[in-house]
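Colleague:
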Amino acid sequence: MVAGSRDARARSAAGRLNAPRPALVEAGPGGVPRVVNREQVTLVREEWRVVDRWWTEEPVDRRYFEVVLESGRNVCVYRDREAGCWFSQNA
Amino acid sequence: MIACLLIPGFELRAALRARPRLELEPAALAPEIGAEPLLGPVTAAAEAAGVRPGMRLGEALATCPALVLVERDPAAVEREWEGVLRRLEDAGFAVDPVEHGVVVFETRGVERLYGGVQPALERALAAVGAGWDPRLGAAGRRFTALAAASVARPGQVLVVAPKEEESFLEPLPLSLLPLSSERYAELEGLGLRRLGELARLPSGAVAERLGPDGRKAWRLAHGGRRARVRGRRPASELAEALVFPEAVGNELTLRRALASLLERLLARPERAGRPFRKVALAARLVDGGSWRRALTLREATAEPARLRAALGPKLAELPAPIVELRLEAVELAEHAGQQLALVEPAGEEATARLREGLRQVRASTGTGSVCAVVEVAPWSRVPETRALVVPRDV
Numbered sequence: 061m062v063a064g065s066r067d068a069r070a071r072s073a074a075g076r077l078n079a080p081r082p083a084l085v086e087a088g089p090g091g092v093p094r095v096v097n098r099e100q101v102t103l104v105r106e107e108w109r110v111v112d113r114w115w116t117e118e119p120v121d122r123r124y125f126e127v128v129l130e131s132g133r134n135v136c137v138y139r140d141r142e143a144g145c146w147f148s149q150n151a
Numbered sequence: 068m069i070a071c072l073l074i075p076g077f078e079l080r081a082a083l084r085a086r087p088r089l090e091l092e093p094a095a096l097a098p099e100i101g102a103e104p105l106l107g108p109v110t111a112a113a114e115a116a117g118v119r120p121g122m123r124l125g126e127a128l129a130t131c132p133a134l135v136l137v138e139r140d141p142a143a144v145e146r147e148w149e150g151v152l153r154r155l156e157d158a159g160f161a162v163d164p165v166e167h168g169v170v171v172f173e174t175r176g177v178e179r180l181y182g183g184v185q186p187a188l189e190r191a192l193a194a195v196g197a198g199w200d201p202r203l204g205a206a207g208r209r210f211t212a213l214a215a216a217s218v219a220r221p222g223q224v225l226v227v228a229p230k231e232e233e234s235f236l237e238p239l240p241l242s243l244l245p246l247s248s249e250r251y252a253e254l255e256g257l258g259l260r261r262l263g264e265l266a267r268l269p270s271g272a273v274a275e276r277l278g279p280d281g282r283k284a285w286r287l288a289h290g291g292r293r294a295r296v297r298g299r300r301p302a303s304e305l306a307e308a309l310v311f312p313e314a315v316g317n318e319l320t321l322r323r324a325l326a327s328l329l330e331r332l333l334a335r336p337e338r339a340g341r342p343f344r345k346v347a348l349a350a351r352l353v354d355g356g357s358w359r360r361a362l363t364l365r366e367a368t369a370e371p372a373r374l375r376a377a378l379g380p381k382l383a384e385l386p387a388p389i390v391e392l393r394l395e396a397v398e399l400a401e402h403a404g405q406q407l408a409l410v411e412p413a414g415e416e417a418t419a420r421l422r423e424g425l426r427q428v429r430a431s432t433g434t435g436s437v438c439a440v441v442e443v444a445p446w447s448r449v450p451e452t453r454a455l456v457v458p459r460d461v
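Chains as they are written, first to last, in the working numbering: chain S, 61 to 151; chain G, 68 to 461.
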């Protein structure tokens, strides 16, 4: 795997793969996404929760949604209940 | 501790080494050819006359008609910077150069040698030389060390204790963050001026509003990651130069000069039979400027004909007649020869080609550009903790 040629400093240390990226999500009733990154959601395929590391200082409490957008793209987004905002990630 | 040595306006200082008289006069580094007419770094006298780095050329000349424009000298910058790095390496520091004028290193390995952090840092300043006006910052994290160096006075060592990092960063301006001008404008529009003001905001809100850049900036405002510094592999000093009695612009003569330089470089005993992976061609122009092109070879080679074929076309890019031509071996391959097999085992050739390709990428982009994915917790329910991207030396 070859990283980008810029930002040589960031490359010198180990980095996370598949890190979550902030997503622009509008949620409907029940907190289910209606619009993801300005694209309408046509289908919610799956929904699950991940609660982990509650015994540490960085607890994980996420509500994941696998959705199909208007363009036909499959996207996985989650709401981070600790930070109170949305992210997209390949789950 | 991580230390950061900063030499502001390094490119101008390096270009002025040949004309030290100008250091006391209003002078500025000329804009790059073909780029926007914006000034580079400026001297203290120019700053006192109201000229600022990044100012438009017309505005600067209207503000200070006596302003002297210093031509860019990439070869001198490269040479002087290499000299600074080598002096630090000779003093025992494993350096990780960030850009011209900014270098990071760890003090841990030499603290006992010099009797503590402070004496080690003072040794680093002395190694660089007072003529460059270096500033040194040291802290537990890289970004804090850079911030400390940015606020230190010339010749000063500023050490930030790990417990004081956040309070140290708090009053510093947002301009220390590596952000685009649009992002600064956005932050200023939100009424944010200091790192502490950004650090006090909730991370989620910053990430949602400003995206990955904002998240990175927020993390840096808290001091950044605790990453270790990996020292560079010292470059080999293998170069040959040819000085012409009068300016030369004729391509045939230049090609002959290149062939002669290649012959001399290939005959150097320090090469120990190893082929070249990366070479650089530099020239001193007749009007005093300089020119430099680095070239990473597709396949490491020591064959004169292939090297001539790769370097020859670069001579056509020379902007003016030259008075000196220099050929440098920037990186040598580790093997002296390549053993060929009569019958390659299946898949072996593809693997060898892949490795060779990765070596080329590493040679042209530097250490740490080639990474491997390492599974650390494939069973984890949190996706980003399942694997890490780790720099790999090939």
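Where a beta carbon is used, it is the ideal one built from N, C-alpha and C, also for glycine.
#1: Between G:Gly-355, G:Ser-247, G:Leu-362 and G:Val-227, which lies nearest to G:Arg-344 when the distance is taken from Cα to Cα?
#2: May I have the straight-line CA-CA distance separating S:Gly-64 from G:Arg-459, to the nearest angstrom?
#3: Between the alpha carbons of S:Val-92 and S:Glu-130, how many angstroms are there, rounded?
#4: Could you give the DSSP three-state label for G:Ser-431: helix, strand or coil?
#5: Tell me where the alpha helix (DSSP H) around G:Leu-288 begins and ends.
#6: For G:Pro-312, report the span of its beta strand (DSSP E) as first-last.
#7: Please work out which residues of its chain come closer than 6 Å, Cβ to Cβ, to S:Arg-94, disregarding the five sequence neighbours upstream and downstream, and give them in chain order.
#8: Can you pull the chain S residues whose beta carbon is under 7 Å from the beta carbon of G:Glu-275, in chain order?
#9: Along the stretch 105-135 of chain S, where does the CB come closer than 7 Å to a CB of chain G? Name the residues.
#10: Could you say which of G:Pro-238, G:Thr-211, G:Trp-358 and G:Gly-117 lies nearest to G:Leu-225 if we only look at CA atoms?
#11: Between G:Glu-90 and the rest of its own chain, which residues show a CB-CB distance below 7 Å, the 5 nearest in sequence each way excluded?
#12: Would G:Gly-168 count as contacting chain S if we go by Cβ distances under 8 Å?
#13: I'd like the span of the beta strand (DSSP E) that includes S:Ser-148, first residue to last.
#14: Spatial neighbours of G:Val-457 within its chain, please: CB distance less than 7 Å, with the 5 preceding and 5 following residues excluded, ordered by chain position.
#15: If you check the beta carbons only, do S:Arg-141 and S:Arg-123 fall under 8 Å apart?
#16: By the criterion of Cβ-Cβ separation under 8 Å, what are the contact partners of G:Leu-455 in chain S?
#17: Given this structure, state the Cα-to-Cα distance separating G:Arg-420 from S:Arg-105, to the nearest angstrom.
#18: Counting only the same chain and skipping the five closest in sequence on each side, list residues whose C-beta sits under 6 Å from that of S:Arg-139.
#19: Excluding five sequence neighbours on each side, which residues of the same chain lie with their C-beta closer than 8 Å to the C-beta of G:Val-218?
#20: Below 8 Å on the Cβ atoms is my guess for S:Pro-82 versus G:Ala-274; work out the distance and round it to an integer in Å.
#21: Assuming contact is defined by CB atoms lying nearer than 8 Å, are G:Leu-192 and G:Gly-222 in contact in what I supplied?
#22: So what's G:Phe-77 in DSSP terms, helix, strand or just coil?
#23: Determine the extent of the beta strand (DSSP E) in which G:Thr-110 is found, giving its start and end residues.
#24: Tell me where the alpha helix (DSSP H) around G:Phe-343 begins and ends.
Modeller: Reading off the structure:
#1: Position 277 of the second sequence, counting from 1, holds the residue named residue 344 of chain G. Nearest option by C-alpha distance: G:Leu-362.
#2: If you number the first sequence from 1, residue 64 of chain S lands on position 4. If you number the second sequence from 1, residue 459 of chain G lands on position 392. Here the model assigns S:Gly-64 a pLDDT of 40, short of 50, so the residue's position is not dependable, and the following value carries that caveat. G:Arg-459 has its alpha-carbon roughly 14 Å from the corresponding atom of S:Gly-64.
#3: Residue numbering aside, residue 92 of chain S sits at position 32 when the first sequence is read from its first letter. Residue numbering aside, residue 130 of chain S sits at position 70 when the first sequence is read from its first letter. Whole-angstrom Cα-Cα distance: 16 Å.
#4: If you number the second sequence from 1, residue 431 of chain G lands on position 364. In the structure shown, G:Ser-431 sits in a helix (DSSP, three-state: H, G or I).
#5: Your numbering for residue 288 of chain G matches position 221 in the second sequence. The sequence shown places Ala at residue 288 of chain G, rather than the Leu named in the question. Its alpha helix (DSSP H) spans residues 270-288.
#6: Here the question's residue 312 of chain G lines up with position 245 in the second sequence. Taken as a continuous stretch (DSSP letters only), the beta strand (DSSP E) holding G:Pro-312 covers 306-315.
#7: Locating residue 94 of chain S in the first sequence gives position 34, where the first residue counts as 1. Cβ within range, chain order: Glu-86, Gly-88 and Val-101.
#8: Locating residue 275 of chain G in the second sequence gives position 208, counting from the first residue. Within chain S, the residues near G:Glu-275 are Pro-82 and Cys-145.
#9: Correct list: Val-110, Asp-112 and Val-120.
#10: Taking the second sequence and counting its residues from 1, the one referred to as residue 225 of chain G is at position 158. Between G:Leu-225 and the set G:Pro-238, G:Thr-211, G:Trp-358 and G:Gly-117, the nearest pair of CA atoms involves G:Thr-211.
#11: The residue labelled residue 90 of chain G in the question sits at position 23 within the second sequence. Scanning its chain for C-beta atoms nearer than 7 Å, with the 5 sequence neighbours on each side dropped, one finds around G:Glu-90 the residues Leu-83 and Thr-110, in chain order.
#12: Here residue 168 of chain G corresponds to residue number 101 of the second sequence, with the count starting at 1. Output row for G:Gly-168: interface = no.
#13: Position 88 of the first sequence, counted from the start, is the residue given in the question as residue 148 of chain S. Counting along the chain, the beta strand (DSSP E) containing S:Ser-148 begins and ends at 145-148.
#14: Taking the second sequence and counting its residues from 1, one reaches residue 457 of chain G at position 390. Taken in chain order, the residues that qualify are Cys-438, Ala-439 and Val-441.
#15: Indexing the first sequence from 1 puts residue 141 of chain S at position 81. Indexing the first sequence from 1 puts residue 123 of chain S at position 63. Going by C-beta atoms, S:Arg-141 is nearer than 8 Å to S:Arg-123.
#16: The residue given as residue 455 of chain G occupies position 388 in the second sequence. Contacts between G:Leu-455 and chain S, judged by CB atoms closer than 8 Å, involve Ala-74, Gly-75, Arg-76 and Leu-77 in chain order.
#17: Position 353 of the second sequence, counting from 1, holds the residue named residue 420 of chain G. Position 45 of the first sequence, counting from 1, holds the residue named residue 105 of chain S. Answer to the nearest angstrom: the Cα atoms are 42 Å apart.
#18: In the first sequence, residue 139 of chain S corresponds to position 79, counting from 1. Here the set comprises Arg-123 and Trp-146.
#19: Mapped onto the second sequence, residue 218 of chain G falls at position 151. Here the set comprises Gly-204, Leu-225 and Leu-239.
#20: As a working mapping, residue 82 of chain S is identified with position 22 in the first sequence. As a working mapping, residue 274 of chain G is identified with position 207 in the second sequence. The Cβ separation is near 4 Å, so the contact holds.
#21: Position 125 of the second sequence, counting from 1, holds the residue named residue 192 of chain G. Position 155 of the second sequence, counting from 1, holds the residue named residue 222 of chain G. In this structure, G:Gly-222 lies closer than 8 Å to G:Leu-192 by Cβ.
#22: Within the second sequence, numbered from 1, the residue matching residue 77 of chain G stands at position 10. DSSP places G:Phe-77 in the helix class (H, G or I) of the three-state scheme.
#23: Working through the second sequence from its first residue, we reach residue 110 of chain G at position 43. It is not in any beta strand (DSSP E) - G:Thr-110 carries neither H nor E in the DSSP assignment.
#24: By one-based count along the second sequence, residue 343 of chain G stands at place 276. No alpha helix (DSSP H) contains G:Phe-343, which is instead part of the beta strand (DSSP E) from 343-352.
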